[in-house]
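This report concerns only the one structure given below.
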Amino acid sequence: MSMSDHYLQMNILIVEDNPGDLFLLEELLGATSLPVARLFRVTNATQAISVLQLQKINLVLLDLTLPDSDGLESYKIINQYAVSIPIIVLTGMIDMHVALETMANGAQDYLIKGEFDEKLLSKSIQYSIERKRNLENLRESNERYEFVTKATNDMVWDWNLDTNEIYWAGENIYKLYGYQVTDFKTSADFWEKCIHPDDRQRVIDGLFKSISSNTHSIWQDEFRFRKADGTYAHVVDKGYLLYHGQTPRRMIGAMQDITDRKLAELKVINSERRFRSLVQNGSDMIKILDEDGHFTFSSPTVEKVLGYTPSTLVGRNLFDFIHPDDMAFIRKRFKQISQQPSLEISSFRFRNADGEWRWLEAKLTNLIEDPSVRGIVSNSRDVTEKKQMEKKLQEERQMKQKEITEAVIREQEKERYEISKELHDNVNQQLTVAMMYLATALKGSDNHQELLKQSSGFIFNAIEEIRKLSKALVTPLIKDFGLAKAIDGLVEDILVANQMSIEFFYESFYEEDINYEFKLNIFRIVQEQINNIIKHANANCVTIELYRDDFIRLSITDNGKGFDTAVKRKGIGINNIFSRVELYNGSIELKSAPNKGCQLHIVFPAGREILIEPPTQTV
1 MSMSDHYLQM NILIVEDNPG DLFLLEELLG ATSLPVARLF RVTNATQAIS VLQLQKINLV
61 LLDLTLPDSD GLESYKIINQ YAVSIPIIVL TGMIDMHVAL ETMANGAQDY LIKGEFDEKL
121 LSKSIQYSIE RKRNLENLRE SNERYEFVTK ATNDMVWDWN LDTNEIYWAG ENIYKLYGYQ
181 VTDFKTSADF WEKCIHPDDR QRVIDGLFKS ISSNTHSIWQ DEFRFRKADG TYAHVVDKGY
241 LLYHGQTPRR MIGAMQDITD RKLAELKVIN SERRFRSLVQ NGSDMIKILD EDGHFTFSSP
301 TVEKVLGYTP STLVGRNLFD FIHPDDMAFI RKRFKQISQQ PSLEISSFRF RNADGEWRWL
361 EAKLTNLIED PSVRGIVSNS RDVTEKKQME KKLQEERQMK QKEITEAVIR EQEKERYEIS
421 KELHDNVNQQ LTVAMMYLAT ALKGSDNHQE LLKQSSGFIF NAIEEIRKLS KALVTPLIKD
481 FGLAKAIDGL VEDILVANQM SIEFFYESFY EEDINYEFKL NIFRIVQEQI NNIIKHANAN
541 CVTIELYRDD FIRLSITDNG KGFDTAVKRK GIGINNIFSR VELYNGSIEL KSAPNKGCQL
601 HIVFPAGREI LIEPPTQTV
């Protein structure tokens, strides 16, 4: 049976607070053939606990850096409520040591963000589920047979070759290796899987050679055995074959922990293996430089990324490859590393073997005093595509801003034209008629009193029209009355001329520390959206909400005819709103559908850009 057959209707819990990482993870999951029934998405540990308590979850994908927890703490909190559920940790390059700690604490796997595709993700999920299932079966099994005595520190076992089952002595297997083994019975596969992968094939080959030879009753080998906490103990394992006639039926043996005498050797071997694996197989380029900047070592990855063979770089100087515009910056940073343990270089240009300039980012670690290194270790990666994408996005933003600016200018010109037309066709005509009536009255006409009265009426109407135009154009008196009162006044003016209900809620909004420019920006957004509703929505009910917590939040909702948000809208009004929101690094959400009204939700960070600078105190 395949993994997909066994895990139909798989429910996956994703604990990730970064929207970009969440989107990429969902895209990769969608590209796999895994039978995912439902994805549960949460952004913090508290929400994750609620889902784990209420839902049947088959797998947890866990980002270690969360708003309410961080690092190993995140894993420990979630693992308390997901004891029988496999957890895969998602981490960045700089958090790899934390990921390894979570593995030591029981996580099934870890994946480095940005370094895996759908195939690796699928493989990791399948491996983690299978591994967790095996561990759970072992944890839930009961010890069936008791061999151990208080006089020995060996772990005694009895292997039935006919059934391939092993009976363990529970007390010492728990005391020495951490497994709960009262009346414990497993298949021989459990023992085999606990053998370190680097030792496994050698040990298995030697064991079965002894069994099949029919000439050796004793088997012995030395290997690393995985404890319940995920760490490995060095052991000597000895077995004695019991025959039925010429056929071996059982093997009885004991395993002794010899970790203490192997510890020093183990540290050296593991250190060398980790470094070799990182250098040869990692995606980052690892180089070692002397104090003058000459390369003394280069990993094979350099050839894949930059086209240089490691031997080509050794002996050359770093500064022979740096772009002239970055030279002073890199020299300064290289000088600084000689006086501190480590530093990061965000981005610089490095010439590759084809003569092209590639953008790199690097972390330098000062190990000059380390006798095994005696140099500065550079861990770098190619970020050229990232820089190109950032440049493209910046150009797109500039183009969008240019389009918005041009649209605003066109709208201003249109508004000037409308004002001049209104003055000419309405105000000017009324004043002209008033002047004619006044001139006739001055000539001594018999009805000069009536003419004067009518002239006064025309002049009054002209004044009212001018007042309306002025009120629409003049900046609201926010400085005198505040933003909330200015919006209140806007609502009152709109209700005079429009048959609609407008409710404005702002009880939890305080504005004493907000600067005038931001308040005016909010007022114009409200004014623009209300005008859009009046012109296009056919709404009779509008709700405006302005409140503040850690953010400034504005919501405008109407019950109008709505529209399809998937259709790109070219209106100046909505473009103006988006432009004003972007000006203060806000976020905007527009929800609407035909015949469903419209909801506009805007959130601004309450940062330095919108707050009044506190006065500097002098002593």
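UniProt numbering numbers the first residue of the sequence shown as 1 and each following residue consecutively.
For each residue, glycine too, the CB sits at the ideal point set by N, CA and C.
Bear in mind that the values here come from a model prediction, so they are computed numbers and not experimental data.
The DSSP-derived three-state label of residue 526 is helix.
Counting along the chain, the unbroken alpha helix (DSSP H) around residue 334 starts and ends at 327-337.
The alpha carbon of residue 316 has as its nearest neighbour, out of 304, 296, 543 and 262, the alpha carbon of 296.
Distance from residue 254 to residue 154 at the Cβ level is roughly 4 Å; contact confirmed, criterion being Cβ atoms closer than 8 Å. The beta carbon of residue 166 lies closer than 8 Å to those of 157, 158, 159, 160, 185, 186, 187, 188, 190 and 191 in the same chain, with the five residues before and after it left out. Under a 10 Å Cβ-count criterion, residue 382 is classified as buried, with 16 or more other Cβ atoms of the shown protein chains found around its own Cβ. In the three-state reduction of the DSSP assignment, residue 257 falls in the strand class. In the structure shown, residue 443 falls within a coil segment according to DSSP collapsed to helix, strand and coil.
Residues 28 of the same chain have their beta carbon placed closer than 6 Å to that of residue 121, with the five preceding and five following residues left out of the count. Across the structure, residue 125 and residue 12 are spaced so that their CA atoms are roughly 10 Å apart. At the C-beta level, residue 366 and residue 358 stay beyond 8 Å of one another. Cβ neighbours of residue 37 within its own chain (closer than 7 Å, five residues either side excluded): 9, 10 and 11. Here residue 132 is buried, its C-beta having at least 16 other C-beta atoms within 10 Å. Secondary structure in the stretch 159-244: the beta strand (DSSP E) runs of 3 residues or longer, each lying completely within the stretch, are 165-168, 185-187, 218-226 and 232-244 in chain order. The C-alpha of residue 533 lies about 11 Å from the C-alpha of residue 600. According to the DSSP assignment, residue 324 belongs to no beta strand (DSSP E), since it is labelled neither H nor E. With a contact defined as Cβ atoms closer than 8 Å, residue 560 and residue 537 qualify at about 3 Å. Residue pairing by DSSP places residue 365 opposite 342 and 377 in a beta bridge. Excluding its 5 nearest sequence neighbours in each direction, residue 585 has C-beta neighbours in its own chain below 8 Å: 604, 605, 607 and 609, listed in chain order. DSSP places residue 55 in the coil class of the three-state scheme, outside both helix and strand.
At the C-beta level, residue 590 and residue 557 stay beyond 8 Å of one another.
Under the DSSP assignment, residue 599 falls in the beta strand (DSSP E) whose first and last residues are 598-605.
Look at residue 95 here: in three-state DSSP terms it is helix. Distance from the CA atom of residue 507 to the CA atom of residue 547, rounded to whole angstroms, is 7 Å. Your pair residue 321 and residue 348 does not check out as a contact, with CB atoms roughly 10 Å apart and the cut at 8 Å. The beta carbon of residue 587 sits closer than 6 Å to the beta carbons of 603 from its chain, once the five residues preceding and following it are set aside; these are given in chain order. Per DSSP, reduced to three states, the secondary structure at residue 314 is coil, with no helix or strand assignment. Beta-bridge partners assigned by DSSP to residue 11: 38. By the neighbour-count criterion, in which a residue is buried when 16 or more other Cβ atoms sit within 10 angstroms of its Cβ, residue 398 is exposed. Straight-line measurement puts the Cα of residue 354 at about 11 Å from the Cα of residue 305. Residue 294 is bridged by DSSP to 317.
In the DSSP assignment, residue 348 is bridged to 360. Taking 8 Å as the upper bound for CB-CB distance, residue 562 and residue 596 are in contact here, some 5 Å apart. For residue 301, the uninterrupted alpha helix (DSSP H) segment begins and ends at 301-306. In the DSSP annotation of this structure, the continuous segment of the beta strand (DSSP E) that includes residue 591 starts and ends at 587-592. Annotation: the continuous alpha helix (DSSP H) that includes residue 72 extends over 72-80.
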